[in-house]
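K.L.:
Numbering (the working numbering), first residue to last: 388 to 726.
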């Protein structure tokens, strides 16, 4: 009898345990089904709303693709809302993303122009004269950048004998003035001026976010405020090439000062196309980016002004013949003058 009672008790306990487990499973399943029904109900309401909109537009169904897109969109919206809540809590606790703060700072301070004064070894007197005449120094140079959005730097390459006295002199001068762009990949030589101008544009557009990039020779004096005013007047044009436009004869005699080794490429008339004088010219950001992207295939000729003009002649570019950039003519209203 005792054995049967123990067996009956064990059986009763097993039945109760099974009942409890079954009840728990049913409860969990009920919550799951209720949750799915609630989620599906939300989706159906949204689908009906979409269907009403589309019906009003002459569309009578929501496709499977559209359905999947709607579900995905709603899920992403929920995740985004949750992330925004977390981000707001983090901000309230004093956290700020360094990456976001740097990007917002860059966005707020887009420059008007980066100005490169192309110079050479042995021209320190020219540079000092420019510093005294129109290029600010020290704190004033930084102030010009912050207040007027204009960066000014001398542009020079390296000596063929790396680290020699020429390089050391430039390093010393830059250590005092801090106003150079030193092109480490460029070797200084008179025959490579066009390449240096190209490298300046590449360097400038990769290091500064500006509306315009300006090249100036180191024997030119500029009214910096007037230059800024001319550039600001062209901000509404997406692709502009601004300068004192000119043409001229192509010289095929090797002993001539302006000899062009590729003279035969300019046709029987031996006349250059219209291009901006190399004393001062400006290009908009999109054109500087074009030069940077296509650096390996852009041909340079004997002269930098012709080379730059050749890069843009086949593009949808607006050539601005700006008389104020004609430094050699000393015309009234000019913003520059050649020394």
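Note that the Cβ used here is the ideal one computed from N, Cα and C, for glycine as well.
Given this structure, state the Cα-to-Cα distance separating residue 508 from residue 546, to the nearest angstrom.
P.N.:
Sequence index remark: in the chain shown, residue 508 carries index 121 (1-based). Sequence index remark: in the chain shown, residue 546 carries index 159 (1-based). If I take the Cα positions, the gap works out to 9 Å.
K.L.:
On the CB-based measure, 16 or more other CB atoms within 10 Å of its CB, does residue 544 come out buried or exposed?
P.N.:
Here the question's residue 544 lines up with position 157 in the chain shown. By the neighbour-count rule (16 or more Cβ atoms within 10 Å), residue 544 is buried.
K.L.:
Measuring CA to CA, which of 511, 523, 551 and 589 is closest to residue 538?
P.N.:
Stepping through the chain shown from its first residue, residue 538 is reached at position 151. Nearest C-alpha to residue 538: 523.
K.L.:
Taking just the CA atoms, how far does residue 575 sit from residue 722?
P.N.:
What you label residue 722 is simply residue 335 of the chain shown in a count that begins at 1. What you label residue 575 is simply residue 188 of the chain shown in a count that begins at 1. Each residue's alpha carbon lies about 29 Å from the other.
K.L.:
Mind checking whether residue 601 and residue 502 have CB atoms under 8 Å apart?
P.N.:
Here residue 601 is taken as the residue at index 214 of the chain shown, counted from 1. Here residue 502 is taken as the residue at index 115 of the chain shown, counted from 1. Closer than 8 Å, so yes.
K.L.:
Return yes when at least one heavy atom of the ligand SAM lies under 7 Å from the C-beta of residue 630, else no.
P.N.:
Here there are no bound small molecules, and the ligand SAM is not part of this structure.
K.L.:
Under 8 Å, do residue 689 and residue 608 count as touching if we go by C-beta distance?
P.N.:
Here residue 689 corresponds to residue number 302 of the chain shown, with the count starting at 1. Here residue 608 corresponds to residue number 221 of the chain shown, with the count starting at 1. Not closer than 8 Å, so no.
K.L.:
Just mark residue 599 as buried or exposed, buried being the case when its beta carbon has 16 or more other beta carbons within 10 Å.
P.N.:
The residue given as residue 599 occupies position 212 in the chain shown. Buried.
K.L.:
Rounded to a whole number of angstroms, what is the C-alpha to C-alpha distance between residue 584 and residue 467?
P.N.:
Along the chain shown, one-based indexing puts residue 584 at 197. Along the chain shown, one-based indexing puts residue 467 at 80. Rounded to whole angstroms, residue 584 to residue 467 spans 47 Å at the Cα level.
K.L.:
Hey, how far is the Cα of residue 562 from the Cα of residue 556?
P.N.:
The residue you call residue 562 lines up with position 175 of the chain shown. The residue you call residue 556 lines up with position 169 of the chain shown. Between residue 562 and residue 556, the C-alpha separation is close to 10 Å.
K.L.:
Buried or exposed, going by whether 16 or more other CB atoms sit within 10 Å of the CB of residue 597?
P.N.:
The sequence position of residue 597 within the chain shown is 210, counting from 1. By the neighbour-count rule (16 or more Cβ atoms within 10 Å), residue 597 is buried.
K.L.:
Quick check: what's the CA-CA separation for residue 707 versus residue 682?
P.N.:
Here the question's residue 707 lines up with position 320 in the chain shown. Here the question's residue 682 lines up with position 295 in the chain shown. The straight-line gap from Cα to Cα measures roughly 24 Å.
K.L.:
On the premise that residue 715 lies in contact with residue 666, defined as a C-beta separation below 8 Å, what is that separation, rounded to the nearest angstrom?
P.N.:
As a first step, residue 666 is located in the chain shown; it is residue number 279 there, counting from the start. As a first step, residue 715 is located in the chain shown; it is residue number 328 there, counting from the start. About 7 Å separates the two Cβ atoms, so the contact holds.
K.L.:
Note the first and the last residue of the continuous alpha helix (DSSP H) segment covering residue 561.
P.N.:
Here residue 561 refers to the residue found at position 174 when the chain shown is read from its first residue. Residues 552-564.
K.L.:
Just checking: is the beta-carbon of residue 586 within a distance shorter than 8 Å of some beta-carbon in chain D?
P.N.:
Among the protein chains of the structure shown there is no chain D, as only one such chain exists.
K.L.:
Looking only at its chain, what residues have a beta carbon closer than 8 Å to the beta carbon of residue 647, apart from the 5 residues adjacent to it on each side?
P.N.:
Residue numbering aside, residue 647 sits at position 260 when the chain shown is read from its first letter. Closer than 8 Å at the Cβ level, and outside the excluded window around residue 647, lie 637, 638, 639, 653, 688, 689, 690 and 693.
K.L.:
Determine the contact status of residue 679 and residue 658, defining contact as a CB-CB distance below 8 Å.
P.N.:
On the chain shown, residue 679 is found 292 positions in, with the first residue counted as 1. On the chain shown, residue 658 is found 271 positions in, with the first residue counted as 1. No, Cβ-Cβ distance for residue 679 and residue 658 is not below 8 Å.
K.L.:
Could you check whether residue 704 and residue 674 sit closer than 8 Å to each other, using their CB atoms as the reference points?
P.N.:
As a working note, residue 674 is residue 287 in the chain shown. As a working note, residue 704 is residue 317 in the chain shown. Contact: yes.
K.L.:
For residue 521, collect the residues of the same chain with a Cβ closer than 8 Å to its Cβ; drop the 5 residues on either side in sequence, then sort them by chain order.
P.N.:
Your numbering for residue 521 matches position 134 in the chain shown. So the list reads 608, 609, 610 and 611, once near-sequence residues are dropped.
K.L.:
Within 10 Å of its beta-carbon, does residue 549 have 16 or more other beta-carbons around it, so buried, or fewer, so exposed?
P.N.:
Working through the chain shown from its first residue, we reach residue 549 at position 162. Flag for residue 549 reads exposed.
K.L.:
For residue 532, report the span of its beta strand (DSSP E) as first-last.
P.N.:
Counting from one through the chain shown, the residue named residue 532 turns up at place 145. Per DSSP, residue 532 belongs to no beta strand (DSSP E); it is in the alpha helix (DSSP H), 526-535.
K.L.:
Are residue 660 and residue 630 touching if we call contact CB-CB under 8 Å?
P.N.:
Translated into the one-based positions of the chain shown, residue 660 becomes position 273. Translated into the one-based positions of the chain shown, residue 630 becomes position 243. Contact: no.
K.L.:
Assuming residue 729 and residue 570 form a contact by the criterion Cβ under 8 Å, report the distance between their Cβ atoms to the nearest whole angstrom.
P.N.:
There is simply no residue 729 to check, as the chain begins at 388 and stops at 726 in what is shown.
K.L.:
Does DSSP put residue 709 in a helix, in a strand, or in coil?
P.N.:
The count along the chain shown starts at 1 and reaches residue 709 at position 322. In the structure shown, residue 709 sits in coil (DSSP, three-state: anything other than H, G, I, E or B).
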